[in-house]
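Below is one structure, written out as structure tokens; comments come after it.
Chains as they are written, first to last, in the working numbering: chain A, 1402 to 1632; chain B, 11 to 793.
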């Protein structure tokens, strides 16, 4: 398949796939991971007087439905900050709520808690965990400062800028070295943090690859390519 | 004359050249009236509105002389963003007799609950430089504010002061409010300006607009004049010309630089030095198009084509602000086409024809801002507000449906998905009045007033220094790589990197040349008026006799080797070159419309299998190249490319995202400033591109998207002009199939540098970057 890109961490025989939607897929485990959905970010802003369009949850859920259909995993991990704030789940529209219930019924669904949503969403099904460990790989929202084993995390919304043909293009991306994978944010209203920012860069002291989200595939680039295109 | 109109109770438009004492004439009736009233004065009598903060201070000072001569005891005060808080408060409680302010400060005043009291006794509103405001978004907000004033005060008079314009009726309508029709007062014309073209010895450049070839002649001219204003068209050009002149400056003449990206303090220093008579010349951009009179300026030089007659007249008028003497000006063409354009401008000045500015309806985003302001003042009725709004000239044709949509946007966002009812900003009470739901919203509105939305800027700072040199557009920085050398603030700088949100630079070692083209700034639109004059010359060889020999030879050669298009024809040349097939289109509709045309034509070429690969455009010519020859260009220039292709392209265009951001900021969807933001530095907005994508997908007819399309159609995309052009050339396309490029095509061919890849350009860039890594992995990359 031309739109997938293989990554491996911790154990070279475990193949992970970075999907161009921003989801991470682990075929051997029939697992799909998404991070930082930030559902109901729009209404969170509206509550404070910025009435931005309320369609962000709809957009995020539709994209999620599309990628779930494409991969039909057994299990799904939503890697924290699934909601923009702790009562976000209560503000979902009836249709959006129903669709999430359908997801959690059909798949083995795990809500990992994040800093925006420390307590589990209520009435949506699925189970909640502070973190999940599968076959010596840990799934958590906040990347740890030191990590010995494989870690898959979100939180930072990485994006990268590359240059070719005299032009620069910036996109959300996965970042990965041998030990760790950072997922891009999946939500419709989530901005990004450049991978050269110390918050990301210090997590990858040696070398890393970034997998930039394209229209129908991810594009793998090396650290030196990003640094060359840097401001 | 102004006194007569005032006595008759008429509103008036005074049109006069600069230096004619126009502003004082505007104030005179007020002074006479106040004199007659003695002590029976009633608060604010006269409100003066200027587009420039600096002008308000200048005029307040100039008014002191007549006030003292007439022995009046009057309070004249200014009110701008610079006015201290305590004085602003006092002005609301105890207004001066005359208040001098800007359109934004007026909007702010109008938003206070005591607005009705402040303006109750207002007799006269004077709007200076009306021609500069009326066609712009600022003018739309002002028009709405004036309509408000007409209702709050008891039938005030509106007085507009303007430079000569093509269509005074437009401005008269702008001033005809509150049932008073404005009447025209035509000031005596000053002497005709003395304008000539400077053509230095030697070869005229084929392309480029910077005019650097003329620097030695310019230097001599500046040296022999008293004080010169040198106008250029872009900030980058200002930097380059400044550098060239200082390179030649053996006499150490005090030559300064002024443009909108420089730090405010630096600009003020230059202005102060000029006012004190300490400068020989300033290289400047439109940053000095308007401004305080400097009596000593005896020469204005325009480098590069003037692009519009009204603009060049405004600039020329900055020389010799004395009524009885002609302004002296020199035009310096940057290339051969610009020789024609300079001549077109001179002919237009002599024949006194001006650029027509097609009026366009007021923006719905501006209306949203105004309605929010009205709500901050107090409860209002929708019917009454609609009736008031349509008395504002730009909104005279506003439909009630559009008004209601904007009102709904202000109240709840106007989304089809009714999710935000509990967060509404306005609510309609049982008495039919709309009210603000929370006083905090008024505070936020007041922090975000205005229609000028700056592109995101970043500060430029020398490494190890605190003070910044100025600001550049964020997107320019994205193109820089550490080590790149560029010209800014009159210095040659080496880009070192970003430190947080600041660009860090060091001084380049002496002799180091800039390696990257400087940042662009905005492009000035090429007016239809000048462009039709240029086309007229090309079509009429009898008019070529007084052109410089080099230009004449060039045009003669074109006639022999290809052909000259008639004035109502579209000439298209096609020829092969180095394995590609070129199509050169002599459309003359300006850079913006050419960009749009290129996107649409290349889309159609793709559909027809003509494999376009790139294009390049100037204000005059568009050149497109591809892998297949174009046998029949008529199919590519049918009016229907404005249908499907335009829709497809607009949907994805990053230009639209830029326009959307402006619209969203003006309408109040995205805030520029938020209470407490300075303290926390927290990001409080959602990226407007993300909002645009979501809104377009789920509610493509939302009022803000409609406002975006409307604004882009007349602005960045220039669709209107393109439509008129395509319609006019149907059946009049002259196709020249050539063996090689023609003389007239040479300038645009020389400017082909970076290829613009149409279609999915971003994806192609990403793929190319990824391929690079793969090539490297397989040892294919050049090392």
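Glycine included, every Cβ here is placed at the ideal spot set by N, Cα and C. This one's a predicted model, so the numbers in the text were calculated from it and none came from an experiment.
Within-7 Å CB hit, residue i to chain A
{"i": "residue 254(B)", "result": "no"}
{"i": "residue 86(B)", "result": "no"}
{"i": "residue 704(B)", "result": "yes"}
{"i": "residue 636(B)", "result": "no"}
{"i": "residue 773(B)", "result": "yes"}
{"i": "residue 19(B)", "result": "no"}
{"i": "residue 608(B)", "result": "no"}
{"i": "residue 345(B)", "result": "no"}
{"i": "residue 697(B)", "result": "yes"}
C-alpha distance - residue i paired with residue j, whole-angstrom precision
{"i": "residue 697(B)", "j": "residue 77(B)", "result": "52 Å"}
{"i": "residue 119(B)", "j": "residue 514(B)", "result": "40 Å"}
{"i": "residue 133(B)", "j": "residue 188(B)", "result": "12 Å"}
{"i": "residue 622(B)", "j": "residue 642(B)", "result": "15 Å"}
{"i": "residue 241(B)", "j": "residue 565(B)", "result": "28 Å"}
{"i": "residue 766(B)", "j": "residue 1563(A)", "result": "Since pLDDT at residue 766(B) reaches only 44, below the 50 mark, its modelled position is unreliable, and no value is offered."}
{"i": "residue 632(B)", "j": "residue 730(B)", "result": "18 Å"}
{"i": "residue 270(B)", "j": "residue 252(B)", "result": "15 Å"}
{"i": "residue 508(B)", "j": "residue 676(B)", "result": "29 Å"}
{"i": "residue 1622(A)", "j": "residue 1419(A)", "result": "13 Å"}
{"i": "residue 1593(A)", "j": "residue 1575(A)", "result": "12 Å"}
{"i": "residue 138(B)", "j": "residue 171(B)", "result": "5 Å"}
{"i": "residue 1423(A)", "j": "residue 178(B)", "result": "58 Å"}
{"i": "residue 239(B)", "j": "residue 208(B)", "result": "15 Å"}
{"i": "residue 268(B)", "j": "residue 1612(A)", "result": "44 Å"}
{"i": "residue 389(B)", "j": "residue 602(B)", "result": "43 Å"}
{"i": "residue 364(B)", "j": "residue 1450(A)", "result": "46 Å"}
{"i": "residue 548(B)", "j": "residue 350(B)", "result": "9 Å"}
{"i": "residue 1516(A)", "j": "residue 1480(A)", "result": "11 Å"}
Supposed contact pair residue j and residue i - C-beta distance, whole angstroms, cut 8 Å
{"i": "residue 581(B)", "j": "residue 746(B)", "result": "7 Å"}
{"i": "residue 416(B)", "j": "residue 378(B)", "result": "5 Å"}
{"i": "residue 266(B)", "j": "residue 292(B)", "result": "5 Å"}
{"i": "residue 1539(A)", "j": "residue 1552(A)", "result": "5 Å"}
{"i": "residue 757(B)", "j": "residue 346(B)", "result": "7 Å"}
{"i": "residue 376(B)", "j": "residue 147(B)", "result": "6 Å"}
{"i": "residue 192(B)", "j": "residue 16(B)", "result": "About 12 Å separates the two Cβ atoms, so there is no contact after all."}
{"i": "residue 620(B)", "j": "residue 640(B)", "result": "6 Å"}
{"i": "residue 45(B)", "j": "residue 82(B)", "result": "6 Å"}
{"i": "residue 468(B)", "j": "residue 487(B)", "result": "6 Å"}
{"i": "residue 1483(A)", "j": "residue 1432(A)", "result": "Incorrect: roughly 16 Å between the Cβ atoms, too far for contact."}
Identified DSSP bridge partners for residue i
{"i": "residue 438(B)", "result": "444(B)"}
{"i": "residue 206(B)", "result": "340(B)"}
{"i": "residue 759(B)", "result": "In DSSP, residue 759(B) forms no bridge with anything."}
{"i": "residue 575(B)", "result": "Residue 575(B) is not bridged to any residue."}
{"i": "residue 356(B)", "result": "Note: residue 356(B) sits in no beta bridge, so no partner."}
{"i": "residue 1573(A)", "result": "1560(A)"}
Endpoints, the alpha helix (DSSP H) within which residue i is located
{"i": "residue 1561(A)", "result": "That residue, residue 1561(A), is in no alpha helix (DSSP H); its beta strand (DSSP E) goes 1559-1565."}
{"i": "residue 1506(A)", "result": "1495-1507"}
{"i": "residue 514(B)", "result": "That residue, residue 514(B), is in no alpha helix (DSSP H); its beta strand (DSSP E) goes 512-517."}
{"i": "residue 383(B)", "result": "374-387"}
{"i": "residue 319(B)", "result": "319-326"}
Segment limits, beta strand (DSSP E) that includes residue i
{"i": "residue 1479(A)", "result": "1476-1479"}
{"i": "residue 72(B)", "result": "It is not in any beta strand (DSSP E) - residue 72(B) instead sits in the alpha helix (DSSP H) that spans 63-79."}
{"i": "residue 111(B)", "result": "108-111"}
{"i": "residue 502(B)", "result": "501-509"}
Min CB distance residue i to chain B below 7 Å
{"i": "residue 1464(A)", "result": "no"}
{"i": "residue 1457(A)", "result": "yes"}
{"i": "residue 1371(A)", "result": "With chain A covering 1402 to 1632 only, the question about residue 1371(A) has no answer from this structure."}
{"i": "residue 1590(A)", "result": "yes"}
{"i": "residue 1624(A)", "result": "no"}
{"i": "residue 1620(A)", "result": "yes"}
{"i": "residue 1601(A)", "result": "no"}
{"i": "residue 1627(A)", "result": "no"}
{"i": "residue 1448(A)", "result": "yes"}
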